[in-house]
Structure formats: structure tokens, C-alpha cells
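Residue numbers (our numbering): 155 to 325.
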């Protein structure tokens with residue numbers, strides 16, 4: 155392994171590595187991603203200042219896991235003072251996009267939502283990409299010391315990963 159020490163395969167390695175800020179828990183459906191994500195977020199909340207768990211799974215099971223309803227806004231988890239949770243719809247409609255996506259310095263750059271919707275509807279996975287871009291923008295603007303992503307089953311997550319390079323594109 156060269157200059158790196160080999161680590162024991164345990165959850166402590168993740169929890170103790172303060173340089174880890176973004177943690178993605180993935181896998182195919184039914185393997186326990188939500189259970190692992192929630193457990194990891196709870197353990198991180200014991201040693202980090204502020205922790206956020208985000209569900210990008212359309213099933214939104216973190217509400218069930220914590221017995222509390224979550225929305226697209228980070229909400230404090232009951233029983234914690236530093237653990238927040240949110241559930242994001244990866245298929246968010248264009249109606250929820252910020253107006254800044256449809257503004258520009260020149261009149262020629264301004265487009266209506268209906269035109270943009272028509273254009274991007276031909277690109278598979280674009281709705282998910284826009285949704286993830288908005289989530290990342292929100293998370294970057296907040297001061298969480300760790301963010302745990304409870305991802306959708308592998309197929310959904312891979313379709314997102316393929317289009318991830320467009321995350322900084324503005325429409």
C-alpha cells in the first residue's frame with residue numbers, strides 16, 4: 155500500500171477519520187443501505203459537531219428508521235442536538251428549480267421553464283442530475299462536519315454517477 159497504513163476493516167475507521175466529509179452508502183435493493191446509513195450517522199453524531207443524513211432513495215426509509223417525517227429541508231432528528239436528516243426526491247420537477255436557472259445577463263439567455271423542460275426531457279437521468287446538483291449546492295452552503303448519503307438502489311445511483319460531470323452546468 156505504499157505510504158499508507160493498512161486499516162482494519164471496521165466502522166471505527168470511518169468514524170475516526172475526521173477528513174471524511176461525504177460518505178455514500180450504496181448497494182442493490184434490500185441489502186441494508188438505510189440501516190447502515192442511519193447507524194453510521196448516529197455514530198458520527200457522537201464525535202462530530204453537525205451531521206446530516208440525506209436519503210436519495212425514492213422509498214425514503216429514513217423517516218421510518220427514525221420514526222419521524224423528513225422533507226427536502228434538513229430537520230433535526232428527535233433525541234439529537236446535532237443530527238439532521240432530509241429526504242430528497244431524485245425526480246424533482248423543473249417547477250422546483252430556482253429562478254436563477256432561467257436568468258441571464260442577456261435577454262437572449264433567458265428561457266422559459268417550458269422551453270427548458272422540452273429540451274432536457276430528451277436526456278435520460280437529467281432530472282436526477284438537477285436534483286443532486288441542488289442538494290449539493292444546499293449541503294455545501296451549510297456547515298455540516300459529515301454528510302451521509304443513503305442512496306437509491308445501485309441502478310438509480312449509477313445512472314446519476316454517469317451524468318455527474320454535468321453537476322456544475324447552469325441552464
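For glycine and all other residues, C-beta sits at the position ideal for the given N, C-alpha and C.
Predicted model only: the values in this text are computed from it and were never measured.
In the DSSP assignment, what are the bridge partners of residue i?
i	result
residue 198	Its beta-bridge partners do not exist; DSSP assigns none.
residue 207	239 and 302
Just verifying my parser: in three-state terms, what is the DSSP assignment at residue i?
i	result
residue 213	coil
residue 293	helix
residue 226	coil
residue 172	coil
residue 218	helix
residue 187	helix
Does the Cβ-Cβ distance between residue i and residue j come in under 9 Å?
i	j	result
residue 304	residue 191	yes
residue 185	residue 237	no
residue 301	residue 176	yes
residue 211	residue 306	yes
residue 199	residue 234	yes
residue 299	residue 172	yes
Which residue marks the beginning of the beta strand (DSSP E) containing residue i, and which one marks its end?
i	result
residue 161	Run containing residue 161: none; DSSP gives neither H nor E here.
residue 231	That residue, residue 231, is in no beta strand (DSSP E); it is neither H nor E in DSSP.
residue 304	300-304
residue 179	176-179
Under the assumption that residue i contacts residue j (Cβ atoms under 8 Å), give the Cβ distance between them as a whole number of angstroms.
i	j	result
residue 205	residue 169	No, residue 205 and residue 169 are not in contact; Cβ-Cβ is about 11 Å, not under 8 Å.
residue 241	residue 209	4 Å
residue 220	residue 231	5 Å
residue 229	residue 213	With a Cβ gap of about 18 Å, residue 229 and residue 213 do not count as contacting.
residue 179	residue 194	7 Å
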